[in-house]
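Asks: Dropping a structure here in structure tokens format, bear with me for questions.
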């Protein structure tokens with residue numbers, strides 16, 4: 011077995027073991043919070059029953075599978091967003107805010123413009139979302155590159171600014187004025203601004219997200235721009251000596267990251283909700299970081315982890331219905347997965363796997379920590 | 466932290482309170498606006514001050530801390546549980562501190578011992594705190610139908626508390642008083658004790674500190690854990706001083722605002738406290754704007770502190786610099 015193959019195998023092994031271990035610990039928690047009946051085997055049966063309900067809830071029927079796919083779409087967009095940031099050495103905690111402004115902007119274009127054909131209107135709606143997200147992320151990238159303001163803090167702050175902006179607009183000029191509406195949301199977007207259904211109940215944003223995932227892979231690994239970006243992510247000083255325009259690449263990384271998160275918002279508007287509602291973006295910020303880390307900042311990994319996260323979230327309802335265990339158990343399991351991914355020493359210790367090979371570290375696929383972001387301080 | 470920055474923050478607070486006075490509708494009296502602004506500002510600033518001091522100890526030792534939110538959230542739950550189970554508010558506060566220390570120890574173990582990226586470690590703690598408290602609050606609190614043990618009573622300073630307008634300053638609950646006491650105490654410890662000097666040296670140039678015989682790892686652990694205890698008091702504020710119940714995600718981003726206050730104040734206790742007051746004043750204006758009849762949209766006022774933090778970080782109004790070693794794990798070799 012060559013070194014490269016070995017490294018790649020271990021690269022996939024550790025996330026898998028982390029998931030298995032987290033599910034085992036989750037099982038113990040489910041057992042501990044379940045009822046006490048019928049002797050010692052009941053507990054084990056109860057845990058099996060709970061996880062069976064989880065799987066059935068996520069993939070058991072046509073409707074639940076569609077639901078899982080629908081949830082995967084925004085996770086995949088935002089997971090890719092955070093991943094692109096990481097690859098360029100930028101830690102984007104702002105996916106939540108970028109998604110919010112993307113959704114706002116696309117909903118605005120979606121309902122205020124009414125006389126365009128779908129072939130023009132829909133792309134316009136999606137591109138507006140991209141642009142808004144790219145600006146929101148790009149601000150953080152530009153500030154980091156020009157002034158050294160740490161992107162972790164600026165993106166957190168921009169999340170709040172975005173949240174307040176959304177609250178202002180959704181209670182003001184963008185608010186649905188129909189007398190039946192009592193909450194802060196936009197009117198529904200025009201028919202021409204909606205993603206057509208692929209099959210009933212499943213919008214064609216699924217095709218878009220797969221296309222975008224392939225595009226991200228191609229740009230990052232097959233183009234000079236992508237190479238420069240990854241170089242800046244691994245060592246900005248070396249990249250600078252090699253003639254890479256570090257300022258431009260950092261801004262680019264955060265801009266593209268924001269663009270993808272903004273597109274996530276736009277697709278939710280055009281495909282699922284048909285409007286932007288205050289607060290629907292909450293939670294995506296940290297979930298997307300978890301997805302990027304679990305996927306080890308590779309496109310295939312991010313695809314798999316976003317499917318996993320979507321399935322867990324979708325299946326949780328059935329788990330709760332059948333066992334009375336709170337759906338929050340999913341957050342606990344996710345946190346455990348992330349803990350063991352971040353500190354893969356834990357997994358290596360439990361399963362007696364040797365320490366990371368030097369090659370794996372240099373490839374930055376081991377721990378997701380972008381070298382640039384941790385070394386340049388804030 | 467320069468005097469200029471301190472004056473700038475005080476000026477901003479004055480501007481917000483002054484703005485409220487100028488823009489208030491004539492139906493609302495000036496003294497009511499002032500008293501209400503002051504009371505809300507102090508109330509809001511309490512968890513921010515404590516969170517910022519927690520972050521300060523951590524970051525001054527060279528460990529970035531975006532986990533203040535998670536530490537405060539889990540401590541809020543711990544404090545609620547402790548108080549509800551024993552019907553003793555003091556035990557509640559201690560339970561909150563214990564939970565804060567436990568989360569801080571996890572942060573230290575991950576980022577100092579295992580050398581996980583400190584931001585990643587903070588993210589883990591934030592996600593974990595949200596998940597565990599959400600799960601436990603439905604499983605334990607609702608099933609056992611636990612009822613809160615009430616709120617900590619306000620401690621009044623006689624006579625002064627009866628003064629008009631400034632009365633609220635002299636009539637605060639214990640955790641608010643503790644936050645005020647901890648500001649000068651932290652200042653003294655950080656800047657005027659040998660331990661504080663060692664702490665700062667570890668945060669600036671750990672290799673040199675190591676050469677001078679300072680145990681870098683132990684110093685960082687101690688600082689992060691004391692920070693966790695302070696964040697724990699801050700968490701207890703939510704369930705023992707604000708409302709006598711626990712709600713999932715009830716800290717509502719206050720830990721991140723505390724982090725902003727820490728940066729705004731240039732990583733000094735007095736600066737962080739002043740910035741917490743500024744954020745409190747902005748929040749007071751934000752939530753009272755309608756009641757005072759102020760024509761500026763509340764949300765625009767609400768953006769102000771965050772925009773200002775970005776501007777300050779970008780160095781437009783005087784640059785602040787973090788401790789040099791923040792974010793870098795220390796490897797002894």
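Residue numbers (the working numbering), protein chains in the order written: chain A, 11 to 388; chain B, 466 to 798.
Built from N, CA and C at the ideal position, the CB exists for glycine as well.
#1: List the endpoints of the continuous beta strand (DSSP E) containing residue 208 of chain A.
#2: With DSSP collapsed to three states, give me the class of residue 628 of chain B.
#3: Can a CB atom of chain A be found closer than 9 Å to the CB of residue 771 of chain B?
#4: Relative to the alpha-carbon of residue 697 of chain B, which residue among B/566, B/665 and B/659 has its alpha-carbon at the smallest distance?
#5: Determine whether the beta carbon atoms of residue 186 of chain A and residue 259 of chain A lie at a separation below 9 Å.
#6: Taking 8 Å as the threshold, find out whether the segment 290-301 of chain A comes into contact with the segment 99-117 of chain A through three or more Cβ pairs.
#7: Go ahead and label residue 602 of chain B buried or exposed: buried means 16 or more other beta carbons lie within 10 angstroms of its beta carbon, across all protein chains shown.
#8: To which residues of the same chain is residue 381 of chain A closer than 8 Å at the C-beta, ignoring the five residues directly before and after it?
#9: So for residue 160 of chain A, helix, strand or coil by DSSP?
#10: Using the beta-carbon count (16 or more within 10 Å), is residue 369 of chain A buried or exposed?
#11: Return helix, strand or coil for residue 330 of chain A, following the three-state DSSP convention.
#12: Determine, using beta carbons only, whether residue 768 of chain B comes closer than 9 Å to chain A.
#13: Residue 786 of chain B to residue 731 of chain B, Cα distance in whole Å?
#14: Is the CB-CB distance between residue 743 of chain B and residue 648 of chain B below 9 Å?
#15: Counting only beta-carbon atoms, is residue 174 of chain A nearer than 9 Å to chain B?
#16: With distance defined between alpha-carbon atoms, name the residue in A/341, A/329 and A/342 nearest to residue 65 of chain A.
#17: By the criterion of Cβ-Cβ separation under 9 Å, what are the contact partners of residue 596 of chain B in chain A?
#18: Please report the distance separating the alpha-carbon of residue 144 of chain A from that of residue 581 of chain B.
#19: At a Cβ threshold of 9 Å, is residue 166 of chain A touching chain B?
#20: So, at 8 Å on beta carbons, what are the nonlocal neighbours of residue 577 of chain B in its own chain, with the 5 sequence-adjacent residues on each side left out?
#21: Run down chain A in chain order and give the residues with a C-beta less than 8 Å from the C-beta of residue 531 of chain B.
#22: Can you check whether the C-beta of residue 108 of chain A is within less than 9 Å of a C-beta belonging to chain B?
#23: When DSSP labels each residue in this structure, what does residue 386 of chain A get in the three-state scheme?
#24: Between which two residues does the alpha helix (DSSP H) containing residue 604 of chain B stretch?
#25: Tell me which residue opens and which closes the alpha helix (DSSP H) that residue 496 of chain B is part of.
#26: How far does the alpha helix (DSSP H) with residue 358 of chain A in it reach, from first residue to last?
#27: Who are the neighbours of residue 780 of chain B on chain A, taking C-beta pairs under 7 Å?
#28: Evaluate the contact criterion for the segment 617-624 of chain B versus the segment 635-649 of chain B: three or more CB pairs, one atom per stretch, below 8 Å.
#29: Would you say the segment 696-711 of chain B touches the segment 537-555 of chain B, given that touching needs at least three Cβ pairs under 8 Å?
#30: Determine the direct distance from the alpha carbon of residue 613 of chain B to that of residue 707 of chain B, and round the result to whole angstroms.
#31: From this set, B/506, B/789 and B/711, which residue's C-alpha is nearest residue 748 of chain B's C-alpha?
#32: Any idea what DSSP makes of residue 185 of chain A, helix, strand or coil?
#33: Pull up the distance between the alpha-carbon of residue 385 of chain A and that of residue 68 of chain A, whole angstroms please.
#34: Just mark residue 379 of chain A as buried or exposed, buried being the case when its beta carbon has 16 or more other beta carbons within 10 Å.
#35: Given that residue 43 of chain A touches chain B, what residues does it touch there, using C-beta distances under 9 Å?
#36: Less than 9 Å between the beta carbons of residue 344 of chain A and residue 300 of chain A, yes or no?
Replies: In terms of the structure at hand:
#1: Counting from 1 along the first chain, the entry for residue 208 of chain A is found at position 198. Residue 208 of chain A: member of the beta strand (DSSP E) spanning 207-209, first to last residue.
#2: Against the second chain, residue 628 of chain B aligns to sequence position 163. In the three-state reduction of the DSSP assignment, residue 628 of chain B falls in the coil class.
#3: Stepping through the second chain from its first residue, residue 771 of chain B is reached at position 306. Output row for residue 771 of chain B: interface = yes.
#4: Within the second chain, residue 697 of chain B is the residue found at index 232, counting from 1. Residue 697 of chain B has its Cα closest to that of B/566, out of B/566, B/665 and B/659.
#5: As a working mapping, residue 186 of chain A is identified with position 176 in the first chain. As a working mapping, residue 259 of chain A is identified with position 249 in the first chain. Not a contact, by the Cβ cut-off of 9 Å.
#6: Output reads yes: the segment 99-117 of chain A touches the segment 290-301 of chain A.
#7: Within the second chain, the letter at position 137 stands for residue 602 of chain B. Around the CB of residue 602 of chain B, 16 or more other CB atoms lie within 10 Å, so the residue is classed as buried.
#8: The count along the first chain starts at 1 and reaches residue 381 of chain A at position 371. Note on residue 381 of chain A: pLDDT 40, under 50, position unreliable in the model; no value is reported.
#9: Here residue 160 of chain A corresponds to residue number 150 of the first chain, with the count starting at 1. Collapsing the DSSP output to three states places residue 160 of chain A in coil.
#10: Reading the first chain from its first residue, position 359 is the one you call residue 369 of chain A. Because residue 369 of chain A carries a pLDDT of 43, less than 50, the predicted location of this residue cannot be relied on, and the following value inherits that uncertainty. A residue is called buried when at least 16 other Cβ atoms come within 10 angstroms of its Cβ; residue 369 of chain A does not meet this threshold and is exposed.
#11: Within the first chain, residue 330 of chain A is the residue found at index 320, counting from 1. Correct three-state label for residue 330 of chain A: helix.
#12: Stepping through the second chain from its first residue, residue 768 of chain B is reached at position 303. Interface residue, yes.
#13: Along the second chain, read from residue 1 onward, the residue named residue 786 of chain B stands at position 321. Along the second chain, read from residue 1 onward, the residue named residue 731 of chain B stands at position 266. If I take the Cα positions, the gap works out to 7 Å.
#14: Position 278 of the second chain, counting from 1, holds the residue named residue 743 of chain B. Position 183 of the second chain, counting from 1, holds the residue named residue 648 of chain B. Going by beta carbons, residue 743 of chain B and residue 648 of chain B fall outside the 9 Å limit.
#15: Here residue 174 of chain A refers to the residue found at position 164 of the first chain. Taking 9 Å as the CB threshold, residue 174 of chain A lines the interface with chain B.
#16: Position 55 of the first chain holds residue 65 of chain A. Looking from the CA of residue 65 of chain A, the closest CA among A/341, A/329 and A/342 belongs to A/329.
#17: Translated into positions along the second chain, residue 596 of chain B becomes position 131. Under the 9 Å cutoff, chain A gives 338, 339, 340, 341, 342, 343, 344, 345 and 346.
#18: Position 134 of the first chain, counted from the first residue, corresponds to residue 144 of chain A. Position 116 of the second chain, counted from the first residue, corresponds to residue 581 of chain B. Taking the straight line from one Cα to the other gives about 29 Å.
#19: For the purposes of this step, residue 166 of chain A is taken as residue 156 along the first chain, with counting starting at 1. Yes, contact with chain B.
#20: Locating residue 577 of chain B in the second chain gives position 112, counting from the first residue. Only 528, 682, 685, 686, 689, 794 and 795 meet the Cβ criterion.
#21: As a working mapping, residue 531 of chain B is identified with position 66 in the second chain. Listed along the chain, the chain A residues whose CB falls inside 8 Å of the CB of residue 531 of chain B are 103, 162 and 166.
#22: Translated into positions along the first chain, residue 108 of chain A becomes position 98. No, its Cβ sits nowhere closer than 9 Å to a Cβ of chain B.
#23: Locating residue 386 of chain A in the first chain gives position 376, where the first residue counts as 1. Any reading at residue 386 of chain A must be qualified, since the residue scores a pLDDT of 38, below 50, and its modelled position is unreliable; no value is offered.
#24: Locating residue 604 of chain B in the second chain gives position 139, where the first residue counts as 1. In the DSSP assignment, residue 604 of chain B falls outside any alpha helix (DSSP H) and carries neither an H nor an E.
#25: Numbered from 1 along the second chain, position 31 holds the residue referred to as residue 496 of chain B. Secondary structure note for residue 496 of chain B: its alpha helix (DSSP H) is the uninterrupted segment 495-525.
#26: Within the first chain, the letter at position 348 stands for residue 358 of chain A. Per DSSP, residue 358 of chain A is one residue of the alpha helix (DSSP H) stretching across 354-360.
#27: Numbered from its first residue, the second chain carries residue 780 of chain B at position 315. 157, listed in chain order.
#28: Note that the segment 617-624 of chain B touches the segment 635-649 of chain B; at least 3 beta-carbon pairs, one per stretch, sit closer than 8 Å.
#29: Flag = yes, the segment 696-711 of chain B and the segment 537-555 of chain B touch.
#30: Here residue 707 of chain B is taken as the residue at index 242 of the second chain, counted from 1. Here residue 613 of chain B is taken as the residue at index 148 of the second chain, counted from 1. Between residue 707 of chain B and residue 613 of chain B, the alpha-carbon positions lie close to 12 Å from each other.
#31: Position 283 of the second chain, counting from 1, holds the residue named residue 748 of chain B. In terms of CA proximity to residue 748 of chain B, B/506 leads the group B/506, B/789 and B/711.
#32: Working through the first chain from its first residue, we reach residue 185 of chain A at position 175. It is coil, neither helix nor strand.
#33: By one-based count along the first chain, residue 385 of chain A stands at place 375. By one-based count along the first chain, residue 68 of chain A stands at place 58. Caution applies to residue 385 of chain A, whose pLDDT of 36 falls short of 50 and renders its modelled position unreliable; the value that the coordinates give is listed next. Taking the straight line from one Cα to the other gives about 41 Å.
#34: For this step, residue 379 of chain A is matched to residue 369 along the first chain. For residue 379 of chain A, the pLDDT reaches just 42, beneath the cut-off of 50, and the residue's location in the model is therefore unreliable, although a value from the coordinates is still provided. Around the beta carbon of residue 379 of chain A, 16 or more other beta carbons lie within 10 angstroms, which makes this residue buried.
#35: Taking the first residue of the first chain as position 1, residue 43 of chain A is located at position 33. Neighbours of residue 43 of chain A in chain B, taken as residues whose beta carbon is under 9 Å from its own, are 600, 604, 605 and 608 in chain order.
#36: Residue numbering aside, residue 344 of chain A sits at position 334 when the first chain is read from its first letter. Residue numbering aside, residue 300 of chain A sits at position 290 when the first chain is read from its first letter. The answer is yes: Cβ separation under 9 Å.
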